[in-house]
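Student: Here it is: the structure, laid out below.
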Amino acid sequence: MGFFNRLKDSLAKTRQGFVEKIDTLVHRRKEIDEDVYEELEEILVQADVGVATAMELVENVRRIVKERRIEDAAGIKPVLKEQIRELLGTGNMTINVYWQSPTVVLVVGVNGVGKTTTIGKMAHLYKMDGKRVLLGAADTFRAAAIDQLEVWAERVNVDLIKHREGSDPAAVAYDSLQAAKARGADLLIIDTAGRLHTKSNLMEELKKIGRVLDRAMPGAPHEVLLVLDATTGQNAVNQAKLFGEAVGVTGIVLTKLDGSAKGGVVLGVKHALNIPVKLIGIGEGIDDLRPFDVEEFVEALFS
Amino acid sequence: MFANLAERLQDTFKKMRGKGRLTEADVNEALREVRLALLEADVNFKVVKNFVARIKERAVGQELLSSLNPAQHVIKIVHDELTTLMGGSNSKINLAPKPPTVIMMVGLNGAGKTTTSAKLANLLRKQGRRPLLVAADVYRPAAIKQLQVLGEQLKIQVFAREEQQDPVAIGRAAVEKAAVGGFDIVIIDTAGRQEVNEELMAELEAMNSYLQPHEILLVVDAMTGQTAVNVAETFNRRLELDGVVLTKLDGDTRGGAALSVRSVTGKPIKFAGVGEKLDALEPFHPDRMAERILGMGDMLTLIEKAQENFDAGQMARMQKKIRSMEFTLDDFLEQISHVKKMGPLEQVLGMIPGLGGLKKLKDIQVDEKELVYVEAIIRSMTPDERQEPERVLNGSRKRRIARGSGTSVQEVNRLLKQFEQTKKMMRQLMDMEKSMKKGGKIPKMPFFN
Ligand SMILES: Nc1nc2c(ncn2[C@@H]2O[C@H](COP(=O)(O)OP(=O)(O)O)[C@@H](O)[C@H]2O)c(=O)[nH]1
Ligand SMILES: [Mg+2]
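Here's what the structure looks like:
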């Protein structure tokens, strides 16, 4: 099964609700009236796009439909598709690789979104690609978080740098980076404790990790991935904003797309903060991580 | 994002002040704002639709109470209706006629089941029960270990069978152990799963039919979006839930999922998780949640917490001092010890409506650890320094204080600055309180004239 098919498959649920509704909507009507637009907005809102972004998208569609003198309701879907593609498809959507090894990736997010699992899957992805991967267990706070990452390190067969539970996460980050340099790792991925973006002391702790890394290797971390749970609603926008302010988020990993959630909030995040989605999580297994590809994503969404 | 609903409605109604009755046009206009606020708060789209329709029915043609302006009136209806919908307070666990009572925690991946299981065990123990925690998440790496660590922290026993992969078997063995070991509550932490995963949902059904839990609690992340409806519906259909626990309410989410879940299941939301610490589980308060969803802050909680920790005499004395600007570092010290008792500071500040918007307050760093230094610094001051720091503190005195408190002169200076800011903040809080009292009939809505 090729990547495209697997992606389509795993996005089946995402697609179902969303596209079926647009299809029935478009096929039921021939002429374009107010109701058509209203229902478009409803569909977007129900996909967690957020009411402000949805309204703006629909406004754009309305304007374009007018400009292009589209008269058949069936012509609306491609316009909306195009709009979403345009919104999501800009910016650097691949993982930044630094010219000098190691490339340092810092993974951040609120509690339970899938940071540790994503790191396990990511390590596997890059290991398969022939990269030397090292993991840093800087979630020293949550009970057994280190053990959890350790299980993944064993599974994927990569090394892991850890301190004791409760120790300073910035020190773990520092040691991991030194070890990555010493061992000639290509990629260092650092796990952090889940934290609500509103807790200023915890966000300070994150800033400190960023500073320590930058001092040990100017320019590091080269990639700061914010993990967003696809079931999250509009709060994701605040998350992205505040994590971005603290450590400069460079990309989003959208997890749990194997559920019924549609993850539409990434449109809102891209719209408000211009942060691109780079990876998606579609299950708990080692292979359940995919690069985010707008063309395929939107196609899978609408096919 | 959107301003708070109260302010928006106030704007909407400015133009139609002074009418005696709510017309359909007025109500429609107001309900557009209500609809937006609810959607923005992540209440499910269909739930919003029904809700707005019901409000409209109630509001059109109603005579305006003389004490309320139209905005207040609509808010009152919306607020009442929302509170009713959210259900009464009910944080009771169904107890088995013959112990042990078996409680099963279920929910999506990452919702917070493990932490909540431990918190619930802690809470029930405080109520005199003997809980046994059961590690039945056999999938997620180190999930068992996580519960064991939490159990150790709480000194609550955790039942685990590392070699056993079948959660039904684990549950059975645990219940047997509880019966002989004198435990009267068994709390089973299950693996997280997506409600569309047929295999894993069937597994939960099997646990349900073999273990016959007396209480099944769905753990829902308060940040959940539109999908909360599908999740709650499916879990409820397949397991017949007894209640819901809402987690991560200590963030800044408006928490519309609460309304979605409640209205599709009809089951009570029993507890709310408000922090990572193991005592941060509270009974759920429908009225406060209604205000939060509407974007009106959690004023009630704040007032209650403040009342718990300040007695009336103290309060009056402080207020007088603040008003007359006699508030000193000594008073500050006293305040700090009270505030510390009120709970995590961010939480306390977050409960004040409109505070997010006040720039000045944002500059005040809220760090619990810092309070320790603050106390040390003040305690290293002489009485006259505490009374009039601006006047008496010079460089050498500051150096002495820094040495005495194990801090630096910069930290002493920072404290003095913070003290000034705090004085201002308290005056602002008092102004808010005053306008609240003036509001008279509806003290829950402080921002109306
Ligand atoms: N179904 C599904 N579950 C996931 C996915 N990513 C992570 N999880 C699960 O979500 C839960 C929390 O993940 P974890 O990595 O511990 O989150 P963290 O707290 O952010 O590190 C675990 O049960 C994971 O197995 C995903 O893409 N799909
Ligand atoms: Mg983790």
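In order, the protein sequence lines correspond to chains S and P.
Position 67 of the first sequence, counting from 1, maps to 67 under my numbering, and the rest follow consecutively.
So the number in my numbering is just where the residue sits in the second sequence, counting from 1, plus 1000.
We treat Cβ as the ideally placed atom computed from N, Cα and C, and that holds for glycine.
Given that a residue counts as buried once 16 or more other Cβ atoms are within 10 Å of its Cβ, and exposed if not, what is glutamate 205(S)?
Tutor: Position 205 of the first sequence holds residue 205(S). Flag for glutamate 205(S) reads buried.
Student: Confirm, please, whether the CB-CB distance from glycine 281(S) to threonine 255(S) is below 7 Å.
Tutor: Your numbering for residue 255(S) matches position 255 in the first sequence. Your numbering for residue 281(S) matches position 281 in the first sequence. Result yes, Cβ atoms of threonine 255(S) and glycine 281(S) sit closer than 7 Å.
Student: If the cut is a Cβ gap below 8 Å, which residues of chain P does asparagine 96(S) touch?
Tutor: As a first step, residue 96(S) must be located in the first sequence, where it is residue number 96. Here the premise fails: no neighbours, minimum Cβ distance about 26 Å.
Student: Between which two residues does the beta strand (DSSP E) holding glycine 281(S) run?
Tutor: Against the first sequence, residue 281(S) aligns to sequence position 281. Where glycine 281(S) is concerned, the enclosing beta strand (DSSP E) stretches over 277-281.
Student: Name, please, each residue of chain S whose Cβ falls closer than 7 Å to the Cβ of lysine 1145(P).
Tutor: As a first step, residue 1145(P) is located in the second sequence; it is residue number 145 there, counting from the start. Ordered by position in chain S, the residues that pass the 7 Å Cβ test against lysine 1145(P) are Ala144, Asp147.
Student: Looking at the C-beta of threonine 140(S), does it have a partner C-beta in chain P at a distance below 7 Å?
Tutor: Residue mapping note: residue 140(S) aligns to position 140 of the first sequence, counting from 1. Not closer than 7 Å to any Cβ of chain P, the Cβ of threonine 140(S) fails to qualify, so no.
Student: Report the residue ranges of all alpha helix (DSSP H) runs contained in full by the stretch 117-174 of chain S; include only those spanning at least 4 residues, in chain order.
Tutor: List check, alpha helix (DSSP H) in window: 145-156.
Student: With a threshold of 8 Å, are at least 3 pairs of Cβ atoms found where one atom belongs to the stretch 1136-1144 of chain P and the other to the stretch 122-136 of chain S?
Tutor: No, the stretch 1136-1144 of chain P does not touch the stretch 122-136 of chain S.
Student: Would you identify the three-state DSSP class for glycine 1151(P), choosing helix, strand or coil?
Tutor: Numbered from 1 along the second sequence, position 151 holds the residue referred to as residue 1151(P). Helix.
Student: Starting from valine 1244(P) and walking both ways along the beta strand (DSSP E), at which residues does that stretch end?
Tutor: Start at 1 with the first residue of the second sequence, and residue 1244(P) comes out as number 244. Unbroken beta strand (DSSP E) run through valine 1244(P): 1243-1247.
Student: Touch check for the stretch 212-221 of chain S and the stretch 138-154 of chain S: three-plus C-beta pairs under 8 Å?
Tutor: The answer is no - the stretch 138-154 of chain S does not touch the stretch 212-221 of chain S, with fewer than three Cβ pairs under 8 Å.
Student: Whose C-alpha, out of Glu1276(P), Arg1403(P), Ile1336(P), is nearest the C-alpha of alanine 143(S)?
Tutor: Translated into the one-based positions of the first sequence, residue 143(S) becomes position 143. Considering only alpha carbons, the answer is Glu1276(P).
Student: What does a CB cutoff of less than 7 Å around alanine 272(S) pick up in its chain, not counting 5 residues either side in sequence?
Tutor: In the first sequence, counting from the first residue as 1, residue 272(S) sits at position 272. The residues are Val237.
Student: Going straight from the alpha carbon of glycine 1225(P) to that of glutamate 1411(P), what length do you get?
Tutor: Counting from one through the second sequence, the residue named residue 1225(P) turns up at place 225. Counting from one through the second sequence, the residue named residue 1411(P) turns up at place 411. Glycine 1225(P) and glutamate 1411(P): Cα-Cα distance of roughly 43 Å.
Student: For glycine 120(S), tell me which candidate among Val107(S), Asn111(S), Gly130(S) has the shortest Cα-Cα distance.
Tutor: As a position in the first sequence, residue 120(S) is number 120, starting the count at 1. Comparing Cα-Cα distances from glycine 120(S) to each of Val107(S), Asn111(S), Gly130(S), the minimum goes to Val107(S).
Student: At a cut of 8 Å, does the stretch 1178-1185 of chain P reach the stretch 1047-1066 of chain P through at least three beta carbon pairs?
Tutor: Too few Cβ pairs lie closer than 8 Å, so no.
Student: Tell me the DSSP bridge mates of valine 1078(P)?
Tutor: The residue labelled residue 1078(P) in the question sits at position 78 within the second sequence. For valine 1078(P), which the question treats as bridged, DSSP gives no partner whatsoever.
Student: With 16 other CB atoms within 10 Å as the buried threshold, where does methionine 128(S) fall?
Tutor: Reading the first sequence from its first residue, position 128 is the one you call residue 128(S). Counting Cβ neighbours within 10 Å, methionine 128(S) comes out exposed, since fewer than 16 surround it.
Student: By DSSP, does alanine 1280(P) sit in helix, in strand, or in coil?
Tutor: As a first step, residue 1280(P) is located in the second sequence; it is residue number 280 there, counting from the start. Alanine 1280(P): coil per DSSP, three-state reduction.
Student: With a Cβ-Cβ cutoff of 7 Å, do serine 1396(P) and alanine 1376(P) count as a contact?
Tutor: Here residue 1396(P) corresponds to residue number 396 of the second sequence, with the count starting at 1. Here residue 1376(P) corresponds to residue number 376 of the second sequence, with the count starting at 1. No, the Cβ-Cβ distance between serine 1396(P) and alanine 1376(P) is not below 7 Å.
Student: Since leucine 254(S) is in the alpha helix (DSSP H), which residue starts that stretch and which ends it?
Tutor: Your numbering for residue 254(S) matches position 254 in the first sequence. From DSSP, leucine 254(S) is part of no alpha helix (DSSP H) but of the beta strand (DSSP E) over 251-255.
Student: Phenylalanine 1327(P) by DSSP, collapsed to three states: which one?
Tutor: The count along the second sequence starts at 1 and reaches residue 1327(P) at position 327. Looking at phenylalanine 1327(P) - three-state DSSP - the assignment turns out to be coil, as it is neither helix nor strand.
Student: Just curious, the beta strand (DSSP E) that glutamate 223(S) is in, first and last residue?
Tutor: On the first sequence, residue 223(S) is found 223 positions in, with the first residue counted as 1. Taken as a continuous stretch (DSSP letters only), the beta strand (DSSP E) holding glutamate 223(S) covers 223-229.
Student: Exposed or buried, arginine 1292(P), counting other C-beta atoms within 10 Å across all chains shown (16 or more means buried)?
Tutor: Within the second sequence, residue 1292(P) is the residue found at index 292, counting from 1. Arginine 1292(P) comes out buried.
Student: At a Cβ threshold of 7 Å, is arginine 92(S) touching chain P?
Tutor: Position 92 of the first sequence holds residue 92(S). The displayed chain sequence assigns asparagine, not arginine, to residue 92(S). So no, asparagine 92(S) is outside the interface.
Student: Figure out for me which residue from Val110(S), Asp186(S), Ile146(S) has the closest Cα to the Cα of serine 167(S).
Tutor: Residue numbering aside, residue 167(S) sits at position 167 when the first sequence is read from its first letter. Looking at the Cα atoms, Ile146(S) is the closest of the given residues.
Student: Taking just the CA atoms, how far does leucine 225(S) sit from isoleucine 252(S)?
Tutor: Numbered from its first residue, the first sequence carries residue 252(S) at position 252. Numbered from its first residue, the first sequence carries residue 225(S) at position 225. Spanning the two alpha carbons is a distance of roughly 5 Å.
Student: Listed from N- to C-terminal order along the chain, which residues in the stretch 222-239 of chain S have their beta-carbon within a distance smaller than 9 Å of any beta-carbon of chain P?
Tutor: Listed in sequence order: Asp229, Ala230, Thr231, Thr232, Gly233, Gln234, Asn235, Ala236, Val237, Asn238, Gln239.
Student: Proline 1070(P): buried (16+ other C-beta within 10 angstroms of its C-beta) or exposed?
Tutor: Locating residue 1070(P) in the second sequence gives position 70, where the first residue counts as 1. Proline 1070(P) comes out buried.
Student: Closer than 6 Å: is that where the CB of alanine 1402(P) sits relative to any heavy atom of ligand 2?
Tutor: Mapped onto the second sequence, residue 1402(P) falls at position 402. Not so, every heavy atom of ligand 2 lies at least 6 Å from the Cβ.
Student: Name the two residues that bound the continuous alpha helix (DSSP H) containing threonine 1115(P).
Tutor: Position 115 of the second sequence, counted from the first residue, corresponds to residue 1115(P). Residues 1113-1126.
Student: By how many angstroms is the C-alpha of isoleucine 1378(P) removed from the C-alpha of asparagine 235(S)?
Tutor: Taking the first residue of the first sequence as 1, we reach residue 235(S) at position 235. Taking the first residue of the second sequence as 1, we reach residue 1378(P) at position 378. Near 39 Å, if we compare the C-alpha coordinates of isoleucine 1378(P) and asparagine 235(S).
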